[in-house]
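A.B. asks: When the letters of the sequence shown are read in order and numbered with mature numbering (1 follows the signal peptide of the UniProt record, and there is no 0), they come out as residues -26 to -1, 1 to 279. Just so it is clear, CB atoms sit at the ideal spot from N, CA and C, and this is done for glycine as well.
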Amino acid sequence: MRTHTTRTSAQLLLALSLSLALTACGSDKAENSNASKPSAPKSSSPAPSPSRAQQVADAWDGSAAAKAWREGFYPMGDTAPQPPGDGFHSEDDRIAHMLENYLLRGELPTAAPEKGQVKWADGESLTLPLLDARETYTALDRVDSPTDPQLTVTGAKLGEMTMVTSRGPATVPAWFFTLKGYDEPLKRVALKPSKLPKPPIGKAAGGRSTRDGLQEMGRLIEVSEDGRSVTVVAYHGSCDDGPAVDALETEGSVVLSATILGGNTTGEICTADLRGEKMTVRLDRPMGGRVLLDAFMGRPLPTRW
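Put into C-alpha cells, the structure is as follows:
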C-alpha cells in the first residue's frame, strides 16, 4: 500500500459538504450539530490494518459485480454542469454556478426521445432512458435562492458532450442550456448512471469508522486526464489535523482507505461538526478500467449526480 495524497483545497464545512455530496446511490449522508461539546484528549488515529483494503480488493477482483461495473455507465467524477466554453463573465455568475442557483426565464422543450446512447471510443455503446429538459433542469437548479446570485436560463436544446466514465471517455446526450448574456451554453448530461451492482462484500463494522481508525470516504470528484490521480472528498472533525487517504492498487481495483490525522490533545472545546476536504491521491499507474472502491463501505466511491 502506498500513500500519495495531496490536499487540494481548504476545508469545507458540513453545510457545503452536504450540498455537494448528493450521490446517485444516496450514500453520502452526515449529521451536523451546531452545539459544542468537550472532547476528551486523544492521540493520532492508528493506521488501519491493510487487511481490510485487501479483503475488499480480493472480493471485487474477478467478481460478477466488477463485470457489471465494466458493462455499465458510471461517470468517474462529478456530473456537475459544464460551464460555457468562454467561462463566466463575472464573480457573481461564478458563485451562482458554484451554488447551483438558476432562474428559468424561458420555455424548455417538452418533447425528447425516450432513449439516449452512451458511445465509447472502442465502438461499444449502451442505451439508457433519456431525461427530458425539465428533469435535467431540476437536477441543475438545486438551490433556487432569489437572495443569492443567479444565472438566468432562457432555453435548451439537446446535444452531446464528452465525459470520463468507468470505461473511459464517452460521448453522452446532454441538454445545452442557453444563459442570458452568454453566447455559449451550459451543458448537463441527460442520463442517470446505471444502477450500482450489489457489492460482493459488506461494509466494515462500526458506524462511520472502525476501531483502528478507518473512515467512510466521501465522494469521487474527478479522475485526472492522464488517469494517474483521483480527487476525492474525505471527512474529519474540527480538532484534528485533517484526513489522510491511502491507496491499495491491484490489477482490477483501486481501494482507498481514509483515516484522520492527529486529534485534540489539549481537552479544548470542539464543535461537533463534520468537515469534508478535497484530497488528491496519486496512483502508481493509470486508473484505466479498474474499479475505485471505498475500503470502509466495500463498494465503489459515489459520485454526485
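On a CA-only basis, which of Pro57, Thr53, Met261 is nearest Tyr156? Give me that one, please.
C.D. replies: Considering only alpha carbons, the answer is Pro57.
A.B. asks: Could you tell me which uninterrupted beta strand (DSSP E) segments, each at least 3 residues in length, are contained entirely in the segment 185 to 228, listed from first to last along the chain?
C.D. replies: Segments of the beta strand (DSSP E) lying fully in the segment 185 to 228: 194 to 197, 203 to 210, 217 to 223.
A.B. asks: Which same chain residues end up closer than 6 Å to Asn75 when comparing Cβ atoms and leaving out the 5 residues on each side of it in sequence?
C.D. replies: Val117, Ser119, Asp122, Gln124, listed in sequence order.
A.B. asks: Select from Gly236, Val197, Lys177, Gly262 the residue whose C-alpha is nearest the C-alpha of Ala27.
C.D. replies: Cα-wise, what sits closest to Ala27 is Lys177.
A.B. asks: Measuring only the C-alpha atoms, how far is Tyr111 from Thr53?
C.D. replies: So the alpha carbons of these two residues sit roughly 13 Å apart.
A.B. asks: Does the contact criterion of 3 or more C-beta pairs under 8 Å hold for the segment 134 to 148 versus the segment 63 to 83?
C.D. replies: The segment 134 to 148 vs the segment 63 to 83: no contact.
A.B. asks: Does Asn8 pass the burial test, meaning 16 or more other C-beta atoms within 10 Å, or should it be called exposed?
C.D. replies: Interpretation of Asn8 is limited by its pLDDT of 28, a score under 50 that renders its predicted location unreliable; no figure is taken from the coordinates.
A.B. asks: What three-state label does DSSP hand Thr112 in the structure shown?
C.D. replies: Helix at Thr112.
A.B. asks: With burial defined as no fewer than 16 other Cβ atoms inside 10 Å of the residue's Cβ, what is the status of Thr277: buried or exposed?
C.D. replies: Per the 10 Å Cβ criterion, buried.
A.B. asks: Considering only C-alpha positions, which residue in the set Leu194, Val197, Glu158, Leu235 is nearest to Leu188?
C.D. replies: It is Leu235.
A.B. asks: Among Arg259, Ile69, Phe47, which residue has its Cα nearest to the Cα of Glu98?
C.D. replies: The residue with the shortest Cα to Cα distance from Glu98 is Phe47.
A.B. asks: Quick one: what's got a C-beta closer than 6 Å to Pro87's C-beta in the same chain, skipping five residues either side?
C.D. replies: Only Leu104 meet the Cβ criterion.
A.B. asks: Indicate whether at least one CB of chain B lies closer than 8 Å to the CB of Asp60.
C.D. replies: Checking the listed chains, one finds no chain B in this structure; it contains a single protein chain.
A.B. asks: Which of helix, strand or coil does DSSP assign to Leu82?
C.D. replies: It is coil, neither helix nor strand.
A.B. asks: Can you list, in chain order, the stretches of the beta strand (DSSP E) that have 3 or more residues and sit fully within the segment 24 to 101?
C.D. replies: If we require 3 residues or more, the beta strand (DSSP E) runs fully inside the segment 24 to 101 come out as 76 to 78, 89 to 94.
A.B. asks: Using the Cα positions of Glu109 and Pro159, report the straight-line distance between them to the nearest angstrom.
C.D. replies: Cα to Cα, the separation comes out at about 17 Å.
A.B. asks: For Thr(-4), which residues of its own chain have a beta-carbon under 7 Å away from its beta-carbon, when the five flanking residues on both sides are left out?
C.D. replies: Bear in mind that a pLDDT of 37 at Thr(-4), under 50, signals an unreliable position, so the model cannot answer this.
A.B. asks: Where does Ala130 fall in DSSP's three states?
C.D. replies: Strand.
A.B. asks: Might you give, ordered along the chain, the residues of its own chain that have their beta carbon closer than 7 Å to the beta carbon of Val265, omitting 5 neighbours on each side?
C.D. replies: For Val265, where only same-chain residues beyond five positions count, the Cβ hits under 7 Å are Trp34, Ala40, Trp43, Gly226, Ser227, Pro274.
A.B. asks: Could you compute how far the alpha carbon of Gly36 sits from the alpha carbon of Ile69?
C.D. replies: Roughly 44 Å between the two C-alpha positions.
A.B. asks: Using the rule of at least 16 other Cβ atoms within 10 Å of the residue's Cβ for burial, across every protein chain shown, is Arg71 buried or exposed?
C.D. replies: One detail in the question is off: residue 71 reads as His in this sequence, not Arg. Under this definition His71 is a buried residue.
A.B. asks: Using the three-state DSSP reduction, which class does Ala144 fall into: helix, strand or coil?
C.D. replies: It is a strand residue.
A.B. asks: Near Ser198, which residues of its chain fall below 6 Å by C-beta distance, leaving aside the five closest residues on each side in sequence?
C.D. replies: Closer than 6 Å at the Cβ level, and outside the excluded window around Ser198, lies no residue.
A.B. asks: Taking buried to mean at least 16 other C-beta atoms within 10 Å of its own C-beta, is Arg259 buried or exposed?
C.D. replies: Exposed: under 16 other Cβ atoms inside 10 Å.
A.B. asks: Which whole-angstrom value is the C-beta distance of Gly262 and Gly216, which I expect to be below 8 Å?
C.D. replies: The Cβ separation is near 29 Å, so there is no contact.
A.B. asks: Could you spell out where the beta strand (DSSP E) holding Met253 opens and where it closes?
C.D. replies: Note, Met253: beta strand (DSSP E), 249 to 256.
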